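**Q**
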Amino acid sequence: MSSSDQGDQKATKRNFQSFESYLKDHKYETSLLPLSQHYNPVVLEKGRMTKLPPALTLNRQRYRHVDHCEWMNTEEIKSFVQYWQYDKEMLRQRCGWLFGYYLSDPNFDGGCRIVVEGIYEPPKQEVFNAASGGVGMNEMLVAMQEVLKGGSGVRVVERVGCSRKILKAFHSVVNHPRAVHQAGYSRPGEVRAVALNHSQLDSGPGFRRTVYFLFLASVVATQAWASLASSGKPSSGIPGGEGMVDPALAKIDVVMAKLGLERVGCIMTSLPRDYEMSSGELLASARLQKLLERHEHYTGYPVSKFVTAIVKPNEEKQGQPETMVWMASDQAEGMLQDGLFDVKRTAETPTRVQLREPFNQEMMPPVLASGSEVTEFDPDWLLVKVNDGVPLKKRSMFRFSHFPRENRTRQQTPDDIKQYMRQIPAGTPSWARYADFHLLVYITLLLDEDTAGAIAGCISREEEIDKAMDELLTNMSA
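If you count the sequence shown from 1, position 223 lands on 223 in the UniProt record's numbering, and the numbers rise without skipping.
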């Protein structure tokens, strides 16, 4: 693995300011920043004057919310890459969640640094776009687009596990009493069908301005994914919804929080290609950033510090894997939120971001690139490069990293704990013996988050593990 701050895309060659430095230069004015603007489509109504939507000019972002990604636990990234490179022979995509924490970065004025301590690899690995959609978001958007084009009595099926929060979100966003013509539940965990009868919907601006793509692009799919991700509901049966939504995730979040860790990003592998991030991956990153927008800025401006790392072979280095870290720009988040993208066509054209066509009597805001109106554009417009590298000296909170990884070819067993402990040097404090990211993950899955959380708390405070618990885990294989 090579740490990479180089690339042949324009995004890799640009110099970025830290967000704090950029704000300082602009006297902390945020009203002109992308997420303070709205570019909602408008509906043209006969006999009524309508304010036309403002034009949107594509601009390459000059600042970034994260300036550096540091792979503190180097064994984590090495193991992830080597398993993909040698065991999977780079033929099957791998993805995972990055767990770490945030620090100020002294190398940048007001800079922010991510420190990665662990990589959790979920059980379903095949698709990256499902990791961000979680409920077949692309399919649902396409279906909803067909409904709003004028189809009468069209049924749209959302397979979202269970959650009445989603229906509540639907009502609150649509804000129209007849928007949901029929909503049925069989029991928690079953399929919920929402039928929209377009012919019975009020055609006035109250409905249309609200439903047009604030609903489609962000809220319902976002709420559904967030509900599943936070509640840990199983994702089985969700079309295109495998990936990173799994029952263990919420439990692992709780345990890692005891160590001051949170999900700071995701990582995926890729085959060789002549572009850094596909248009579909860009939209997926923008969705994840919006979903995991946990950092409140003192200006009130919404800030996401979630990154996407991509590992791919470097053909100039004999195919050796290298990693690059990216973020979607604020403008990408805003355009996704306002529903300007054609999700289906964008997924089919990896090097072009596609804008959707307007519906009947709808006017889309014109999008300008280099002074000309466009209907598609290069993803590079909306990419932000994040520096990454390994520290000169490892100071990981995890003393060890030889416990078997979860969800790989070989299944973990209780005997792995015994074998793991045999490799720990004599005289090691009990808390240090359990300081392995994947051991904590396994204890979480084997027992529960309370037990694993108690052990994580001891590691954080460097306190001895309860002797009874220590003996139970050590002798569990017997």
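Where is the CB? At the ideal position from N, CA and C, for every residue including glycine.
Only a predicted model underlies this, so the values are computations on that prediction, with no experimental measurement involved.
Applying the 10 Å Cβ sphere with the 16-neighbour rule, what's the burial state of residue 410?
**A** Mapped onto the sequence shown, residue 410 falls at position 410. By the 10 Å Cβ count, residue 410 comes out exposed.
**Q** So if DSSP puts residue 77 in a beta bridge, which residue, or which two residues, is it bridged to?
**A** In the sequence shown, the residue the question calls residue 77 occupies position 77. DSSP output for residue 77 lists no bridge partner at all.
**Q** Please list, in chain order, all residues of the same chain as residue 75 whose beta carbon is under 6 Å from its beta carbon, the five residues on each side excluded.
**A** Against the sequence shown, residue 75 aligns to sequence position 75. Closer than 6 Å at Cβ, skipping near neighbours: 401.
**Q** Exposed or buried, which one is residue 463 when buried takes at least 16 other CB atoms within 10 Å?
**A** Taking the sequence shown and counting its residues from 1, one reaches residue 463 at position 463. With fewer than 16 Cβ atoms within 10 Å of its Cβ, residue 463 is classed as exposed.
**Q** Assuming residue 370 is part of the beta strand (DSSP E), what are its boundary residues?
**A** Position 370 of the sequence shown, counting from 1, holds the residue named residue 370. Premise fails: residue 370 is in no beta strand (DSSP E) and is neither H nor E.
**Q** Okay, do the region 344-358 and the region 374-388 touch, 3+ Cβ pairs below 8 Å being the bar?
**A** These segments touch.
**Q** Taking residue 444 and residue 252 to be in contact with their CB atoms under 8 Å, please state how far apart those CB atoms are, rounded to whole angstroms.
**A** For the purposes of this step, residue 444 is taken as residue 444 along the sequence shown, with counting starting at 1. For the purposes of this step, residue 252 is taken as residue 252 along the sequence shown, with counting starting at 1. So it is a contact: roughly 6 Å between Cβ atoms.
**Q** Since residue 326 sits in a beta bridge, which residues does DSSP pair it with?
**A** As a working note, residue 326 is residue 326 in the sequence shown. Looking at the DSSP assignment, residue 326 forms a beta bridge with 308, 385.
**Q** Can you give me the Cβ contacts of residue 479 inside the same chain, cut-off strictly under 8 Å, excluding the 5 residues immediately before and after it?
**A** Any question about residue 479 goes unanswered here, given that the chain covers just 1 to 478.
**Q** Could you tell me the distance, in whole angstroms, from the CA atom of residue 342 to the CA atom of residue 85?
**A** Within the sequence shown, numbered from 1, the residue matching residue 342 stands at position 342. Within the sequence shown, numbered from 1, the residue matching residue 85 stands at position 85. C-alpha separation (whole angstroms): 34 Å.
**Q** Can you give the Cα-Cα distance for residue 68 and residue 395, rounded to whole angstroms?
**A** Position 68 of the sequence shown, counting from 1, holds the residue named residue 68. Position 395 of the sequence shown, counting from 1, holds the residue named residue 395. Their Cα atoms are separated by approximately 17 Å.
**Q** Look at residue 256 and residue 52 and say whether their C-beta atoms are less than 8 Å apart.
**A** On the sequence shown, residue 256 is found 256 positions in, with the first residue counted as 1. On the sequence shown, residue 52 is found 52 positions in, with the first residue counted as 1. Not closer than 8 Å, so no.
**Q** Determine which residues share a DSSP beta bridge with residue 97 and list them.
**A** In the sequence shown, counting from the first residue as 1, residue 97 sits at position 97. Partner(s): 120, 266.
**Q** Within 10 angstroms of its Cβ, does residue 544 collect 16 or more other Cβ (buried), or is it exposed?
**A** This structure leaves residue 544 out entirely; the chain is present only between 1 and 478.
**Q** For residue 63, write down the residues that DSSP places opposite it in a beta bridge.
**A** Sequence index remark: in the sequence shown, residue 63 carries index 63 (1-based). DSSP, once it has assigned bridges, lists 17 as partnering residue 63.
**Q** Need the endpoints of the alpha helix (DSSP H) that residue 431 sits in, please.
**A** Residue 431 sits at position 431 when you count from the first residue of the sequence shown. Taken as a continuous stretch (DSSP letters only), the alpha helix (DSSP H) holding residue 431 covers 430-433.
**Q** In chain order, what residues of the same chain lie with their CB nearer than 6 Å to the CB of residue 471, ignoring the 5 residues before and after it?
**A** As a first step, residue 471 must be located in the sequence shown, where it is residue number 471. Closer than 6 Å at the Cβ level, and outside the excluded window around residue 471, lies no residue.
**Q** Contact between the region 331-347 and the region 31-43: three or more CB pairs below 8 Å?
**A** Yes, the region 331-347 is in contact with the region 31-43.
**Q** Run through DSSP, which three-state label would residue 438 get?
**A** Translated into positions along the sequence shown, residue 438 becomes position 438. Residue 438: helix per DSSP, three-state reduction.
**Q** Would residue 524 pass as a contact of residue 33 if the rule is Cβ separation under 8 Å?
**A** Any answer about residue 524 is impossible in this case: the structure gives the chain only from 1 up to 478.
**Q** Tell me which residues share the same chain as residue 421 and place their Cβ nearer than 7 Å to its Cβ, disregarding the 5 neighbours each side in the sequence.
**A** Here the question's residue 421 lines up with position 421 in the sequence shown. Hits under 7 Å: 433, 474.
**Q** Going straight from the alpha carbon of residue 314 to that of residue 89, what length do you get?
**A** Residue mapping note: residue 314 aligns to position 314 of the sequence shown, counting from 1. Residue mapping note: residue 89 aligns to position 89 of the sequence shown, counting from 1. For residue 314 and residue 89, the distance between alpha carbons rounds to 15 Å.
**Q** Report buried or exposed for residue 294, applying the criterion of at least 16 other Cβ atoms within 10 angstroms of its Cβ.
**A** Mapped onto the sequence shown, residue 294 falls at position 294. It counts as exposed.
**Q** Would DSSP call residue 450 helix, strand or coil?
**A** In the sequence shown, the residue the question calls residue 450 occupies position 450. Residue 450 falls in the helix class under three-state DSSP.
**Q** Thinking C-beta only, is residue 72 closer than 8 Å to residue 115?
**A** As a first step, residue 115 is located in the sequence shown; it is residue number 115 there, counting from the start. As a first step, residue 72 is located in the sequence shown; it is residue number 72 there, counting from the start. Yes, Cβ-Cβ distance for residue 115 and residue 72 is below 8 Å.
**Q** Under DSSP, the beta strand (DSSP E) around residue 70 begins and ends at which residues?
**A** Within the sequence shown, numbered from 1, the residue matching residue 70 stands at position 70. Segment 68-71, the beta strand (DSSP E) holding residue 70.
**Q** Grab the span of the alpha helix (DSSP H) containing residue 109 for me, first residue to last.
**A** In the sequence shown, counting from the first residue as 1, residue 109 sits at position 109. No alpha helix (DSSP H) holds residue 109; DSSP gives it neither H nor E.
**Q** Rounded to whole angstroms, what's the CA-CA distance from residue 459 to residue 283? Just pull it up for me.
**A** Counted from its first residue, the sequence shown places residue 459 at position 459. Counted from its first residue, the sequence shown places residue 283 at position 283. Distance between the alpha carbons of residue 459 and residue 283 is about 38 Å.
**Q** Could you compute how far the alpha carbon of residue 24 sits from the alpha carbon of residue 365?
**A** On the sequence shown, residue 24 is found 24 positions in, with the first residue counted as 1. On the sequence shown, residue 365 is found 365 positions in, with the first residue counted as 1. Their backbone Cα atoms lie some 31 Å apart in a straight line.
**Q** According to DSSP, is residue 53 helix, strand or coil?
**A** Here the question's residue 53 lines up with position 53 in the sequence shown. Residue 53: coil per DSSP, three-state reduction.
**Q** What did DSSP end up calling residue 105 once you bin it into helix, strand or coil?
**A** Taking the sequence shown and counting its residues from 1, one reaches residue 105 at position 105. Strand at residue 105.
**Q** From the DSSP secondary-structure annotation, give me the bridge partner or partners of residue 313.
**A** The residue given as residue 313 occupies position 313 in the sequence shown. Beta-bridge pairing links residue 313 to 321.
**Q** Hey, quick one: how far does the alpha helix (DSSP H) through residue 343 stretch, first residue to last?
**A** On the sequence shown, position 343 is the one that residue 343 refers to. Per DSSP, residue 343 belongs to the alpha helix (DSSP H) from 343-348.
**Q** When DSSP labels each residue in this structure, what does residue 296 get in the three-state scheme?
**A** Counting from one through the sequence shown, the residue named residue 296 turns up at place 296. Three-state DSSP puts residue 296 in a strand.
**Q** Out of curiosity, what's the CA-to-CA distance linking residue 20 and residue 290?
**A** Looking up residue 20 in the sequence shown gives position 20. Looking up residue 290 in the sequence shown gives position 290. C-alpha separation (whole angstroms): 20 Å.
**Q** Please report the Cβ distance between residue 262 and residue 99, rounded to the nearest whole angstrom; I am assuming they are in contact, meaning their Cβ atoms lie under 8 Å.
**A** Along the sequence shown, read from residue 1 onward, the residue named residue 262 stands at position 262. Along the sequence shown, read from residue 1 onward, the residue named residue 99 stands at position 99. With 8 Å as the limit, residue 262 and residue 99 qualify as a contact, their Cβ atoms being about 7 Å apart.
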